[in-house]
């Protein structure tokens, strides 16, 4: 029946058929009953009972894809001598000799030793410890929200004239 199609301007669909021709070919004296509809169990409904008009439209669909990109870490050996000045402290012992009249032993009541004795004096000193640093590479997922927009087209169906039973 495409021979009758004349044009569509986005709102109205025009056919090359007169009103009288349309009434004589497609009009019924009485509207279809529920029994007329229920006897058809398939999509083979006669055109005098049902007219199907395809309505086209676009919808904005959004999907996500996963992509992989690489970060390249390049290592190359470099050997160099590093010198760092580090102040360290240590204790040194000095022995003072004084004349006998000023000795500590006479004032504190101590007597000279009668046999060989040893006295240990602890001397503290700081030692330098060398540590080396490592580099650790870590990755973590970061989720962000992005806005997407695009133009979509659709058709609007307007029915004018006689009202249907569903109105």
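Numbering (this note's numbering), first residue to last: 10 to 176. Cβ atoms here follow ideal geometry from the backbone N, Cα and C, with glycine treated the same way. Just so you know, these numbers come straight off a predicted model, no measurement behind them.
Please name the residue in the options whose C-alpha comes closest to that of residue i.
| i | options | result |
| --- | --- | --- |
| residue 72 | 156, 90, 164 and 163 | 156 |
| residue 144 | 82, 160, 153 and 75 | 82 |
In angstroms with no decimal places, state the Cα-to-Cα distance between residue i and residue j.
| i | j | result |
| --- | --- | --- |
| residue 127 | residue 106 | 18 Å |
| residue 39 | residue 63 | 26 Å |
| residue 168 | residue 23 | 13 Å |
| residue 25 | residue 65 | 23 Å |
| residue 159 | residue 15 | 32 Å |
| residue 149 | residue 138 | 34 Å |
| residue 32 | residue 74 | 55 Å |
| residue 77 | residue 153 | 17 Å |
| residue 10 | residue 151 | Model confidence at residue 10 stands at a pLDDT of 43, short of 50, so the residue's coordinates are unreliable; what they give is reported in the following sentence. Their Cα atoms are separated by approximately 58 Å. |
| residue 91 | residue 119 | 55 Å |
| residue 17 | residue 36 | 23 Å |
| residue 28 | residue 170 | 13 Å |
Give me the Cβ distance between residue i and residue j, rounded to the nearest whole Å; I'm assuming they're in contact under 8 Å.
| i | j | result |
| --- | --- | --- |
| residue 98 | residue 135 | 5 Å |
| residue 67 | residue 163 | 6 Å |
| residue 100 | residue 132 | 4 Å |
| residue 102 | residue 130 | 6 Å |
| residue 69 | residue 161 | 5 Å |
DSSP beta-bridge partners for residue i?
| i | result |
| --- | --- |
| residue 132 | BP columns for residue 132 are empty, so no partner. |
| residue 23 | 16 |
| residue 170 | For residue 170, which the question treats as bridged, DSSP gives no partner whatsoever. |
| residue 72 | Its beta-bridge partners do not exist; DSSP assigns none. |
Under 8 Å between C-beta atoms, does residue i make it to chain D?
| i | result |
| --- | --- |
| residue 140 | Given the protein chain composition of this structure (a single chain), no chain D is represented. |
Does the beta-carbon of residue i, which I'm using as the reference point, lie nearer than 7 Å to any heavy atom of the ligand COA?
| i | result |
| --- | --- |
| residue 71 | Summarising the ligand content, the structure contains no ligands, and the ligand COA is consequently not present. |
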